[in-house]
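Mind the numbering: the sequence shown is residues 55 to 205 in the numbering used here, read in order. Note that beta-carbon positions come from the ideal geometry of N, C-alpha and C, so glycine has one too. If you're wondering where the values come from, they're calculated on a predicted model, not measured in any experiment.
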Amino acid sequence: MKTTQNNTLMRSLLLGVFSLLLFSFSCKKRTEYVQYGEFNFENKTSHLVVLNYPSFSFSIQPGESFLVKQTQDGQKNPTPDSYSEPISKLINRNTAEVVVKIGGKCFISTNESEHSIINIKSYKPEKLNDVTYKFTFTFTEADYNVAGDCK
Numbered sequence: 055m056k057t058t059q060n061n062t063l064m065r066s067l068l069l070g071v072f073s074l075l076l077f078s079f080s081c082k083k084r085t086e087y088v089q090y091g092e093f094n095f096e097n098k099t100s101h102l103v104v105l106n107y108p109s110f111s112f113s114i115q116p117g118e119s120f121l122v123k124q125t126q127d128g129q130k131n132p133t134p135d136s137y138s139e140p141i142s143k144l145i146n147r148n149t150a151e152v153v154v155k156i157g158g159k160c161f162i163s164t165n166e167s168e169h170s171i172i173n174i175k176s177y178k179p180e181k182l183n184d185v186t187y188k189f190t191f192t193f194t195e196a197d198y199n200v201a202g203d204c205k
């Protein structure tokens, strides 16, 4: 009788230890971080700048700017490279092409463009605090000069 009790007690003890181990690994707390971005689009041209997409659009008069504030998934200590510009969510990143109207012409930004509205490296970053950066993209007369006919 005592051997049966010991076997039952041992099995119960092993089951308890196994359960504790299983739950301690599966219930690890996952820490998620957010980062805040302020995306400022400046129009330094003498022409109206218009971006018109269904989920993201703006128009900026000459000499004015447009600000977008956005919360993004982040890391504990964000850097400018950990951000994505606000337009990336509405385009296919593989065949990305964004058309911006400047005056009566169209300025096309792609992933490979040197001065591209869809490449965070084309923005000037400014650290505002530990989890917030301000990024400025400036439309210039050079953008107007390289713009072509609108399709």
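Query                                                                                                               : Result
Segments assigned beta strand (DSSP E), at least 3 residues, entirely inside the region 110-194                     : 110-114, 119-128, 151-156, 159-164, 178-183 and 186-193
Continuous beta strand (DSSP E) stretch holding leucine 102: start and end                                          : Per DSSP, leucine 102 belongs to no beta strand (DSSP E) and is neither H nor E.
Own chain, CB closer than 7 Å to isoleucine 156, minus 5 neighbours either side, in chain order                     : Thr99, His101, Val103, Phe193, Asp197, Tyr198 and Ala201
Closest Cα partner of phenylalanine 189 within the set Lys205, Ser138 and Asn165                                    : Ser138
Pair within 8 Å by beta-carbon distance, phenylalanine 191 and proline 140                                          : no
Between the CA atoms of leucine 121 and tyrosine 87 - distance to the nearest angstrom                              : 23 Å
Outcome for tyrosine 177 when other beta-carbon atoms lying within 10 angstroms are tallied against a minimum of 16 : buried
Assumed close pair threonine 125, tyrosine 90 - CB separation to whole angstroms, cut-off 8 Å                       : 6 Å
Own chain residues within Cβ distance below 6 Å of phenylalanine 112, not counting five before or after             : Leu105 and Phe120
Cutoff 8 Å; reference glutamate 151; Cβ partners in own chain excluding five residues on either side                : Ile145, Ile162, Ser163 and Thr164
Nearest neighbour of glutamate 118, chosen from Phe95, Ser136, Gln129 and Asn131 [CA to CA]                         : Phe95
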